[in-house]
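Student: For the record, in the sequence shown the residue sitting at position 141 is 141 according to the numbering used here, with numbers rising by one throughout. Cβ coordinates follow ideal geometry from the N, Cα and C atoms, glycine included. The structure displayed is predicted, hence computed values, not measured ones.
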Amino acid sequence: MWLKTCKRIDVFYRISERLDKYVVLKRCLKKVLEQVRNVKEYFVHHHSKSIFTYTDGTYEEEYSCWPPAISMILISIVEIVLFVYDAWHGKTDATGPIAQIFIYNPHKRQEAWRFLTYMMVHVGVVHLLVNLLVQLFLGVPLEMVHRWWRVMLVYLAGVVSGSIATSLTDSKVYLAGASGGVYALITAHIATIIMNWAEMEFAIIQLLVFLLLAVVDVGTAVYARYWGQLQQNIGYVAHLAGAIAGLLVGIGVLRNLEKRKWEKRLWWAAVVLYFSLMVAGILANIFWKSHFK
């Protein structure tokens, strides 16, 4: 009898110990959850304007068909019309009447329009089609978020930067095609990913894709220029300069959905660097006459 009573007391004691442990764990868990809730409430209610105003996917919600994405379409139409006009005269190799007026000719640098209008000249149907497809595929989505005039600024900045950089580094090369503008569109996507990282879905994947595209294409142009079997006289510097311009101007003019302090600093750095490079390039073209002899 005494033994049974002792066993029962021992069992009850163990049960009470376990219950005490569960109570302690429950209280600890409750305190942890309360702290998490307090932290969440603090950030959401006190810092929502600076941190949580936009969430992942906000960038994608900005796509709109109004105002219409017209700049890349209009540029493409003009390029097609001018190419067809030269082709009608039997010239598709940048030697037609239109091409001779618009192509960047290093011996006619005083005709300043050539630094821009060479984008309207293409060497063959393949060259034209590739540029058209890429600029439409990359440009129209940008226009749907950032509006056509911003994308036009990026595109033209890439074209002009490409010709200025080529004139200084590869002064004997003729330029034809919109590759400078196309590369500007590629890196403009990188710029908008950087400036809208928190608001964009799968930002890291998009960044890696565009970086890979830019690196592979520039590398291909460099290889074709120096080591390819045909030793093509490709102005790869225009590609590289267009890419740099697209990144800097993209940071400067494309929309930033949620402005943060570091993004403002980056904006100023990009704007100052771009204008510094452009002013230096223009002045060199004007006053460094011995380089072009």
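With a cut-off of 8 Å on the beta carbons, I'd call His-189 and Phe-202 a contact; round off their distance for me.
Tutor: Wrong, their Cβ atoms sit about 13 Å apart, outside the cutoff.
Student: Classify Met-278 as helix, strand or coil using the three-state DSSP reduction.
Tutor: Met-278: helix per DSSP, three-state reduction.
Student: Expressed to the nearest angstrom, what Euclidean distance is found between the alpha-carbon atoms of Gly-139 and Leu-185?
Tutor: Between Gly-139 and Leu-185, the C-alpha separation is close to 6 Å.
Student: Rounded to a whole number of angstroms, what is the C-alpha to C-alpha distance between Lys-261 and Trp-268?
Tutor: Answer to the nearest angstrom: the Cα atoms are 11 Å apart.
Student: Output the boundary residues of the alpha helix (DSSP H) element that contains Ile-190.
Tutor: Per DSSP, Ile-190 belongs to the alpha helix (DSSP H) from 179-195.
Student: So, under 8 Å CB-CB, Ala-214 and Thr-187 are touching, yes? Tell me the CB distance rounded to an integer number of Å.
Tutor: Ala-214 to Thr-187, Cβ: 6 Å. Contact.
Student: By how many angstroms is the C-alpha of His-107 removed from the C-alpha of Ser-71?
Tutor: Each residue's alpha carbon lies about 31 Å from the other.
Student: Write down the C-beta distance between Ile-103 and Tyr-118 rounded to the nearest angstrom, noting that I regard them as a contact closer than 8 Å.
Tutor: At roughly 5 Å, the Cβ-Cβ gap stays under 8 Å, so Ile-103 and Tyr-118 are in contact.
Student: For Leu-156, does the count of other Cβ atoms within 10 angstroms reach 16, so buried, or fall short, so exposed?
Tutor: Per the 10 Å Cβ criterion, buried.
Student: Since Met-195 and Leu-254 should fall inside the 8 Å C-beta cutoff, what is the C-beta to C-beta distance between them, to a whole number of angstroms?
Tutor: Confirmed, Cβ separation roughly 7 Å.
Student: Go ahead and pull the three-state DSSP assignment for Asp-93.
Tutor: Asp-93 falls in the strand class under three-state DSSP.
Student: Using only the alpha-carbon positions, how far apart do Ile-282 and Ala-270 sit?
Tutor: Taking the straight line joining both Cα atoms gives about 18 Å.
Student: Can you tell me the Cβ-Cβ gap for Gly-250 and Val-154, rounded? I've got them flagged as a contact below 8 Å.
Tutor: Correct: roughly 5 Å between the Cβ atoms.
Student: Look up Leu-248 in the DSSP assignment and say whether it is helix, strand or coil.
Tutor: Here Leu-248 sits in helix by DSSP.
Student: Would you kindly report the start and end of the unbroken alpha helix (DSSP H) that includes Gln-135?
Tutor: Here the alpha helix (DSSP H) through Gln-135 covers 125-146.
Student: Would you mind stating whether Leu-175 and Ala-238 have Cβ atoms separated by less than 9 Å?
Tutor: A contact, by the Cβ cut-off of 9 Å.
Student: Give me the Cα-Cα distance between Lys-289 and Arg-109, rounded to the nearest whole angstrom.
Tutor: When rounded, the distance between both Cα atoms is 11 Å.
Student: If we ignore side chains and look at the alpha-carbon of each, how far apart do Met-100 and Val-145 end up?
Tutor: What sits at residue 100 in the sequence shown is Gln, not Met. Approximately 37 Å, taken between the alpha carbons.
Student: Per the DSSP calculation, Tyr-104 is bridged to which residue(s)?
Tutor: Leu-175, per the DSSP bridge assignment.
Student: Could you check if Ile-244 is buried or exposed, using at least 16 other CB atoms within 10 Å of its CB as the buried criterion?
Tutor: By the neighbour-count rule (16 or more Cβ atoms within 10 Å), Ile-244 is buried.
Student: With DSSP collapsed to three states, give me the class of Ala-112.
Tutor: Coil, per DSSP.
Student: Using only the alpha-carbon positions, how far apart do Ala-165 and Thr-58 sit?
Tutor: Their Cα atoms are separated by approximately 37 Å.
Student: Tell me whether Val-125 is buried or exposed, calling it buried when 16 or more other Cβ atoms sit within 10 Å of its Cβ.
Tutor: Classification of Val-125: exposed, given that the 10 Å Cβ count is below 16.
Student: In whole angstroms, give me the CA-to-CA distance for Gly-180 and Leu-128.
Tutor: Distance between the alpha carbons of Gly-180 and Leu-128: 14 Å.
Student: Which of the three DSSP states, helix, strand or coil, is assigned to Tyr-63?
Tutor: Looking at Tyr-63 - three-state DSSP - the assignment turns out to be coil, as it is neither helix nor strand.
Student: With distances taken from CA atoms, which of Arg-150, Trp-88, Val-173 and His-122 is nearest Gly-252?
Tutor: The shortest Cα separation from Gly-252 among Arg-150, Trp-88, Val-173 and His-122 belongs to Arg-150.
Student: Is DSSP giving Glu-201 helix, strand or coil here?
Tutor: Here Glu-201 sits in coil by DSSP.
Student: What is the DSSP secondary structure of Trp-289, counted as helix, strand or coil?
Tutor: As written in the sequence, residue 289 is Lys, which differs from the Trp given in the question. Of the three classes helix, strand and coil, the one that applies to Lys-289 here is helix, per DSSP.
Student: Gly-177 and His-122: beta carbons closer than 9 Å?
Tutor: Cβ distance < 9 Å, so Gly-177 and His-122 count as in contact.
Student: Is any heavy atom in the ligand FAD found nearer than 8 Å to the beta carbon of Met-119?
Tutor: By its list of ligands, the structure shown contains no ligand whatsoever, and the ligand FAD lies outside what it can speak to.
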